[in-house]
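Everything on this sheet refers to the single structure shown next.
Pasting the structure below:
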């Protein structure tokens with residue numbers, strides 16, 4: 001057997017599980033030799049992917065950023081997990097739960113190419129990163145650096161440690177259209193002083209889709225003795241990356257977003273040297289040095305959602321991370337290229353491909369973003385969300401793998417009509 005045929009046969013055999021009696025599963029053989037870039041514009045293939053979703057016909061959904069609708073195979077698996085846990089009851093909780101959660105964490109760690117010992121399952125990004133912020137040994141006069149574009153829940157936690165411990169918060173503003181990586185790195189570098197202990201930075205800014213040069217920022221901060229916490233809420237399952245190459249100290253993400261896991265699942269990565277120095281939100285019975293489990297004592301929770309992590313990862317791997325990333329970037333650039341240079345239309349997302357993926361933000365001069373979102377829904381049956389921030393003002397547009405080109409054409413026509 002030729003190597004190429006062997007790899008093809010092996011990859012297809014690995015997919016032959018009862019869970020994936022889906023349209024996507026049956027369609028992969030015909031595209032196994034197609035590159036991710038070429039497949040990104042193959043509408044026939046992505047229509048088959050769409051068939052694995054149950055979608056409302058009342059509107060065009062361009063708001064996948066808050067919560068990704070999960071595909072039918074994952075949804076069916078969730079129902080099975082609910083039935084199993086209910087059937088086994090306390091027996092499951094006392095004899096299987098802990099080992100199952102460890103297995104889920106191991107599969108999750110593999111997605112971001114991390115050692116299992118550095119990853120724990122949380123409930124969302126807010127829990128992950130607030131745990132780090134609150135879990136540091138702050139002293140009065142210590143400084144923290146973050147951006148005005150960062151997520152509100154984390155900014156509020158920094159306000160709390162400022163009020164409680166006397167921490168000084170230094171807030172920067174990331175340009176929507178940077179001239180270079182160095183401009184962004186210098187922005188953060190200029191805010192650091194000898195008193196700075198923690199820098200928070202978005203891997204992808206949630207309101208604009210701007211992907212920041214995390215490795216360069218981490219290297220700069222570490223050269224000054226500052227730890228870096230990365231908000232990756234929109235990154236896991238959105239685009240591929242290696243956590244080790246980022247060189248960050250902490251990383252948090254929400255799995256109910258682009259990995260399409262049921263609600264209530266998140267990820268926290270902590271580098272080895274910081275596990276023992278981070279205080280958990282809730283006291284834990286785990287005491288041994290270097291055991292990240294001590295950061296995850298949250299009491300009894302819906303374990304069937306955690307069990308669904310494995311199924312969501314299996315679906316993601318079946319589709320292929322590179323394929324998904326290429327499609328999401330293709331969809332974003334398909335519509336942004338058509339409106340970026342039009343009068344009165346404001347794109348708050350960089351045009352360079354490496355600085356964005358599926359998320360983008362668009363505004364129209366003279367229209368308040370929340371009004372724009374309302375008009376899109378009322379007049380064009382397009383559901384999105386208005387962002388009325390100090391720096392980013394527009395509607396966040398987050399298509400998904402089930403989004404069609406025809407739907408984006410309706411959106412582009414709506415923008416042009418309203419701008420005119």
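In the working numbering, the protein residues as written are 1 to 420. Even glycine gets a Cβ: it sits at the ideal position worked out from N, Cα and C. Computed from a predicted structure; not experimentally measured.
inquiry  = Quick check on the burial criterion: 16 or more other C-beta atoms within 10 angstroms. Buried or exposed for residue 238?
reply    = On the chain shown, residue 238 is found 238 positions in, with the first residue counted as 1. Result: buried.
inquiry  = Going by DSSP in three states, residue 406 sits in which element: helix, strand or coil?
reply    = Within the chain shown, the letter at position 406 stands for residue 406. In the structure shown, residue 406 sits in a helix (DSSP, three-state: H, G or I).
request  = Could you tell me if residue 83 is buried or exposed, where buried requires 16 or more neighbouring beta carbons within 10 angstroms of its beta carbon?
outcome  = Translated into the one-based positions of the chain shown, residue 83 becomes position 83. That one is exposed.
ask   = How far does the alpha helix (DSSP H) with residue 183 in it reach, from first residue to last?
value = Position 183 of the chain shown holds residue 183. Its alpha helix (DSSP H) spans residues 181-189.
query = Can you tell which of 318, 268 and 306 has its C-alpha closest to the C-alpha of residue 295?
reply = Counted from its first residue, the chain shown places residue 295 at position 295. Nearest option by C-alpha distance: 268.
key: Collapsed DSSP secondary structure at residue 132 in the structure displayed   = Locating residue 132 in the chain shown gives position 132, counting from the first residue. If DSSP states are grouped into helix, strand and coil, residue 132 belongs with the helices.
query = Just checking my contact of residue 250 with residue 274 at CB under 8 angstroms: how many whole Å lie between their CB atoms?
reply = Position 250 of the chain shown, counted from the first residue, corresponds to residue 250. Position 274 of the chain shown, counted from the first residue, corresponds to residue 274. That belief holds up - the Cβ atoms of residue 250 and residue 274 are roughly 7 angstroms apart, short of 8 angstroms.
request  = Note the first and the last residue of the continuous alpha helix (DSSP H) segment covering residue 420.
outcome  = Here residue 420 refers to the residue found at position 420 of the chain shown. DSSP places residue 420 in no alpha helix (DSSP H); its state is neither H nor E.
message = List, from N- to C-terminal side, the beta strand (DSSP E) runs of 3 residues or more that fit wholly inside the region 87-160.
response = 119-122 and 143-147
inquiry  = With H, G and I counted as helix, E and B as strand and the rest as coil, what does DSSP make of residue 9?
reply    = Counting from 1 along the chain shown, the entry for residue 9 is found at position 9. Confidence at residue 9 is low in this model, with a pLDDT of 45, below 50, so its placement is unreliable and no value can be given for it.
message = Comparing C-alpha positions only, which one of 103, 297 and 277 sits nearest to residue 290?
response = Along the chain shown, read from residue 1 onward, the residue named residue 290 stands at position 290. When only C-alpha atoms are compared, the closest one is 277.
request  = State the DSSP-derived secondary structure class of residue 27, mapped to helix, strand or coil.
outcome  = Start at 1 with the first residue of the chain shown, and residue 27 comes out as number 27. Three-state DSSP puts residue 27 in a helix.
task = Let me know the secondary structure DSSP gives residue 317 once reduced to three states.
result = For the purposes of this step, residue 317 is identified with residue 317 of the chain shown, where counting begins at 1. Residue state, collapsed to three classes: helix.
Segments of 4+ residues assigned as alpha helix (DSSP H) that fall wholly inside the region 220-271 = 243-246
query = Hey, how far is the Cα of residue 81 from the Cα of residue 149?
reply = Here residue 81 refers to the residue found at position 81 when the chain shown is read from its first residue. Here residue 149 refers to the residue found at position 149 when the chain shown is read from its first residue. Computed Cα separation, rounded: 38 angstroms.
query = Since residue 207 contacts residue 396 with CB under 8 angstroms, what's their CB separation in whole angstroms?
reply = Here residue 207 is taken as the residue at index 207 of the chain shown, counted from 1. Here residue 396 is taken as the residue at index 396 of the chain shown, counted from 1. Between residue 396 and residue 207 the Cβ distance is about 6 angstroms, and since that is below 8 angstroms, they are a contact.
ask   = Which whole-angstrom value describes the C-beta separation of residue 243 and residue 112, a residue pair presumed to lie in contact below a C-beta threshold of 8 angstroms?
value = Along the chain shown, one-based indexing puts residue 243 at 243. Along the chain shown, one-based indexing puts residue 112 at 112. So it is a contact: roughly 4 angstroms between Cβ atoms.
query = Just curious, the beta strand (DSSP E) that residue 347 is in, first and last residue?
reply = The sequence position of residue 347 within the chain shown is 347, counting from 1. Its beta strand (DSSP E) spans residues 345-347.
request  = Let me know if residue 241 comes out buried or exposed under the rule of 16 or more other beta-carbons within 10 Å of its beta-carbon.
outcome  = Taking the first residue of the chain shown as 1, we reach residue 241 at position 241. Burial state of residue 241 is buried, judged by a 10 Å Cβ sphere holding 16 or more other Cβ atoms.
inquiry  = For residue 120, which residues in the same chain have their Cβ closer than 7 angstroms to its Cβ, ignoring the five residues on either side in sequence?
reply    = Mapped onto the chain shown, residue 120 falls at position 120. Only 105, 268, 292, 293, 295 and 296 meet the Cβ criterion.
ask   = Among residues of its own chain, excluding the 5 on either side of residue 14, which ones have a beta-carbon nearer than 8 angstroms to its beta-carbon?
value = Your numbering for residue 14 matches position 14 in the chain shown. For residue 14, the predicted structure reports a pLDDT of 40, less than 50, and the residue's modelled location is therefore unreliable. A value from the coordinates is still provided. Excluding residues within five positions, none has a Cβ falling inside 8 angstroms.
key: residue 218, DSSP secondary structure in three states   = Your numbering for residue 218 matches position 218 in the chain shown. Reduced to three states, the DSSP call for residue 218 is helix.
key: Residue from 143, 64 and 264 whose Cα sits closest to the Cα of residue 128   = Taking the chain shown and counting its residues from 1, the one referred to as residue 128 is at position 128. Selected option, being the one with the closest Cα: 264.
ask   = When the distance is taken between beta carbons, is residue 383 closer than 7 angstroms to residue 61?
value = Walking along the chain shown from the start, residue 61 turns up at place 61. Walking along the chain shown from the start, residue 383 turns up at place 383. Contact: yes.
query = Are the beta-carbon atoms belonging to residue 108 and residue 281 less than 7 angstroms from one another?
reply = The residue given as residue 108 occupies position 108 in the chain shown. The residue given as residue 281 occupies position 281 in the chain shown. No, they are not a contact pair.
request  = Classify residue 383 as helix, strand or coil using the three-state DSSP reduction.
outcome  = In the chain shown, counting from the first residue as 1, residue 383 sits at position 383. Strand, per DSSP.
query = What are the boundary residues of the beta strand (DSSP E) that includes residue 300?
reply = The sequence position of residue 300 within the chain shown is 300, counting from 1. It is not in any beta strand (DSSP E) - residue 300 carries neither H nor E in the DSSP assignment.
query = For residue 103, which option in 58, 177, 311 and 205 has the closest C-alpha, if you only look at C-alpha atoms?
reply = Taking the chain shown and counting its residues from 1, one reaches residue 103 at position 103. Per the Cα distances, 311.
inquiry  = For residue 17, which residues in the same chain have their Cβ closer than 6 angstroms to its Cβ, ignoring the five residues on either side in sequence?
reply    = Position 17 of the chain shown, counting from 1, holds the residue named residue 17. Only weak support is given to the placement of residue 17: the predicted model assigns it a pLDDT of 42, under 50, and the value that follows is read from those uncertain coordinates. For residue 17, where only same-chain residues beyond five positions count, there are no Cβ hits under 6 angstroms.
query = Roughly how many angstroms lie between the CA atoms of residue 298 and residue 166, to the nearest whole one?
reply = Walking along the chain shown from the start, residue 298 turns up at place 298. Walking along the chain shown from the start, residue 166 turns up at place 166. So the alpha carbons of these two residues sit roughly 28 angstroms apart.
task = Rounded to whole angstroms, what's the CA-CA distance from residue 398 to residue 93? Just pull it up for me.
result = Looking up residue 398 in the chain shown gives position 398. Looking up residue 93 in the chain shown gives position 93. In a straight line, the C-alpha of residue 398 is about 37 angstroms away from that of residue 93.
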